[in-house]
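Each residue of the sequence shown is one higher than the one before, counting from 20 in the numbering used here. See structure below.
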Amino acid sequence: MKRFLLTLFFCHVIHELLAQENFVAIQKHVSRDFPVKSADQDSKAKNDAKKWIVAGASTAVLAGSIVYLTQISNYKYSKGFHTKNDNKAWMQMDKCTHAFVAYTSNRLLSETYEWAGFRKQEAILISSTSILTYMSLKEFLDGHIAGGGWSWGDMGANAFGISLFAAQELGWKEQKIQYKLSAFPRKYPADLKPRTDEIYGTNIPKKLLKDYNAQTYWLSFNINSFTKSSKIPDWLNISFGYGADGIYGAASNYETENGQVIFDRRDIKRYRQFYISPDIDFTKIKTKSKLLKTFFVVANAFKMPLPALEISEGKIKGRLVQF
C-alpha cells in the first residue's frame, strides 16, 4: 500500500513537469502525417488522449500492486477466508496510517484525473471508487493469510480517509481539513534495537512509514476557510495531532512463541500523545511556478515541523519543534 502511495507521488510530480511538452511534441509529430484538424477537434483529441493515458496508468499501478502482493513471500495464503479484530493493536496507530494512505492517495489521484480532463465530480467518484476497490482487495488478500485476517477496523479507517477528502471536495469545493503525517527517525538503545529492527525495519524510509513511535498524525484546519479574517494569512492552519510511544509489540510489549518468551519489556510504558500546533497550507501560497505548485501539493501531505503543545501522561509539555 505504501509502495502504491509513493508511486502516486511520483506520477503526480512528473505529469505536471512533462505534460505540456509531451503533448506539444505528439501534436507536431502527428501533424506531419495527417490532415490538420480544427482547433476544437485537436483540443478534444488531446484531452481524450490525456484521459486514456491517466486512466490506463492508474489502473496498471493498482492492478500491478495487487499482483505484486500475491507474489511476495510475506503473503503465504491459507485456504479459508477469516477475519480478525485488531482494533486494540498498536494503540490504533496502524489505523491512522490506513486513513492517511487512503486520504492522500485519493487526493492525489483525484487531482490527477481532474488534470487529465475529467470533471471534478467525475474525478472524485473515479478516484474514490478506485482507492476503495484497491484497499478492499488488499484487505481480502489479508483475509487469506495465516496469522492475518480481514480487519473491519482497517476498512473503517480506509473509508474514513477516502470520505474525508471526497466529502470536502463535493461539499466545500476545497480541503478545509487536511490529514497529514509527520515523522522523524528514532534512535533506539542497543537492547531494543533488535526488536525495533524486526517490527519496524532497518532502512530510514521504511522506518518512517512503519515506526509508530516516530509518527504523529494530524488533522490540520485552515483557519481562514472557517473565519474569513483579513488579519490571518490564508496559509495559516491550526492542527491537532495524535501519536504514541513505548510501542514494541502489537497488543503489548510481551511476546511468546511456541510457549517460550521471546520478548518481554513490560517495564516500558505504552502511552498516547496529543498535540496542538500551528501548520502551513502550502497550497494557499500563491506562485506562478508549476514546479513549486506541484511541490506544494505533495508537501501538503506532511505537517510542517513547528512548536507544539503535547498532552501525555496527565501532563502538558512544550515542544520547540514537533515532527
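Note that CB positions come from ideal geometry on N, CA and C, so glycine has one too.
Grab me the residues of N232's own chain with a C-beta within less than 6 Å of its C-beta, minus the 5 sequence neighbours each way, in chain order.
-> Here residue 232 refers to the residue found at position 213 when the sequence shown is read from its first residue. Excluding residues within five positions, the ones whose Cβ falls inside 6 Å are R205, D264, I266.
Just the C-alpha distance for I257 and Q197, rounded to the nearest angstrom, thanks.
-> Within the sequence shown, numbered from 1, the residue matching residue 257 stands at position 238. Within the sequence shown, numbered from 1, the residue matching residue 197 stands at position 178. Going by the C-alpha atoms only, they are around 10 Å apart.
Which term fits N19, buried or exposed, when burial requires 16 or more other beta carbons within 10 angstroms of its beta carbon?
-> What is shown of the chain runs 20 to 342, which leaves residue 19 out entirely.
Compute the Euclidean distance between the alpha carbons of A186 and F203, then round it to the nearest angstrom.
-> Here residue 186 is taken as the residue at index 167 of the sequence shown, counted from 1. Here residue 203 is taken as the residue at index 184 of the sequence shown, counted from 1. The straight-line gap from Cα to Cα measures roughly 31 Å.
Scan the segment 122–198 and note each continuous alpha helix (DSSP H) run of 4 residues or more that stays entirely inside, going in chain order.
-> Secondary structure in the segment 122–198: the alpha helix (DSSP H) runs of 4 residues or longer, each lying completely within the stretch, are 139–161, 171–190 in chain order.
To the nearest whole angstrom, what separates the beta carbons of Y236 and G260, a pair I think is in contact under 8 Å?
-> For the purposes of this step, residue 236 is identified with residue 217 of the sequence shown, where counting begins at 1. For the purposes of this step, residue 260 is identified with residue 241 of the sequence shown, where counting begins at 1. The pair is a contact, with the Cβ atoms about 7 Å apart (cut-off 8 Å).
Starting from Y236, follow the beta strand (DSSP E) in both directions and report where the run begins and ends.
-> Taking the first residue of the sequence shown as 1, we reach residue 236 at position 217. It spans 234–241 - the beta strand (DSSP E) in which Y236 sits, taken as one unbroken run.
Do the segment 283–303 and the segment 245–255 touch if we need at least three Cβ pairs shorter than 8 Å?
-> Result yes; three or more Cβ-Cβ pairs closer than 8 Å.
Once you ignore the five residues that flank K334 on each side, which residues in its own chain have a CB closer than 6 Å to its CB?
-> In the sequence shown, the residue the question calls residue 334 occupies position 315. Result list for K334: empty, nothing under 6 Å.
Residue from Q341, F119, G268 with nearest C-alpha to Q292 | As a first step, residue 292 is located in the sequence shown; it is residue number 273 there, counting from the start. It is Q341.
Option in I242, A108, K114 with minimal Cα separation from G180 | Numbered from its first residue, the sequence shown carries residue 180 at position 161. Out of I242, A108, K114, K114 has the C-alpha closest to the C-alpha of G180.
Does DSSP classify N104 as helix, strand or coil?
-> Within the sequence shown, residue 104 is the residue found at index 85, counting from 1. Coil, per DSSP.
Count the other CB atoms, across all protein chains shown, that sit within 10 Å of the CB of H101; report buried if there are 16 or more and exposed otherwise.
-> On the sequence shown, position 82 is the one that residue 101 refers to. Looking at its Cβ environment, which holds fewer than 16 other Cβ atoms inside 10 Å, H101 is exposed.
According to DSSP, which residues form a beta bridge with K334?
-> The residue given as residue 334 occupies position 315 in the sequence shown. Looking at the DSSP output, K334 bridges to S331.
Would you mind reading off the limits of the alpha helix (DSSP H) that contains Y219?
-> Numbered from 1 along the sequence shown, position 200 holds the residue referred to as residue 219. Counting along the chain, Y219 sits inside the alpha helix (DSSP H) bounded by residues 212–219.
Own chain, CB closer than 8 Å to L81, minus 5 neighbours either side, in chain order | In the sequence shown, the residue the question calls residue 81 occupies position 62. Excluding sequence neighbours, L81 sits near F23, S149, T152, Y153.
Contact belief for K225 with G136 at Cβ below 8 Å, rounded distance in angstroms | Taking the first residue of the sequence shown as position 1, residue 225 is located at position 206. Taking the first residue of the sequence shown as position 1, residue 136 is located at position 117. The Cβ separation is near 36 Å, so there is no contact.
Please go through the segment 264–334 and give each complete beta strand (DSSP E) segment of 3 or more residues, from N-terminal end onward.
-> The segment 264–334 contains these whole beta strand (DSSP E) runs: 273–276, 279–283, 290–299, 325–331.
Option nearest T355 by Cα separation, candidates L325, S146, F321, N241 | Since the first residue shown for the chain is 20 and the last is 342, residue 355 is missing from the structure and cannot be characterised.
The alpha helix (DSSP H) spanning P224 covers which residue range?
-> Reading the sequence shown from its first residue, position 205 is the one you call residue 224. P224: member of the alpha helix (DSSP H) spanning 223–229, first to last residue.
Assign I143 to buried or exposed, taking buried as 16 or more other Cβ atoms, counted over all protein chains shown, within 10 Å of its Cβ.
-> Start at 1 with the first residue of the sequence shown, and residue 143 comes out as number 124. Classification for I143: buried.
Please name the residue, chosen from D173, R126, S201, that lies closest to K192 on a Cα-to-Cα basis.
-> Within the sequence shown, numbered from 1, the residue matching residue 192 stands at position 173. For K192, the closest alpha carbon among the candidates D173, R126, S201 is that of R126.
Candidates P297, D230, G75, of which the one nearest G262 by Cα | What you label residue 262 is simply residue 243 of the sequence shown in a count that begins at 1. For the options P297, D230, G75, the alpha carbon positioned closest to that of G262 is the one of D230.
Taking Cβ positions, are S239 and D298 nearer each other than 8 Å?
-> If you number the sequence shown from 1, residue 239 lands on position 220. If you number the sequence shown from 1, residue 298 lands on position 279. Cβ atoms of S239 and D298: closer than 8 Å.
Among E133, S124, I85, V86, nearest to D67 - alpha-carbon criterion | Within the sequence shown, residue 67 is the residue found at index 48, counting from 1. Out of E133, S124, I85, V86, E133 has the C-alpha closest to the C-alpha of D67.
Indicate whether E332 and Y294 have their beta-carbon atoms separated by less than 8 Å.
-> Taking the first residue of the sequence shown as 1, we reach residue 332 at position 313. Taking the first residue of the sequence shown as 1, we reach residue 294 at position 275. At least 8 Å separates the beta-carbon of E332 from that of Y294.
Got a sec? Which residues, its chain only, sit under 7 Å from L200 by beta carbon, not counting five neighbours each side?
-> As a working mapping, residue 200 is identified with position 181 in the sequence shown. Correct list, in chain order: F119, Q234, Y236, A320, F321, K322.
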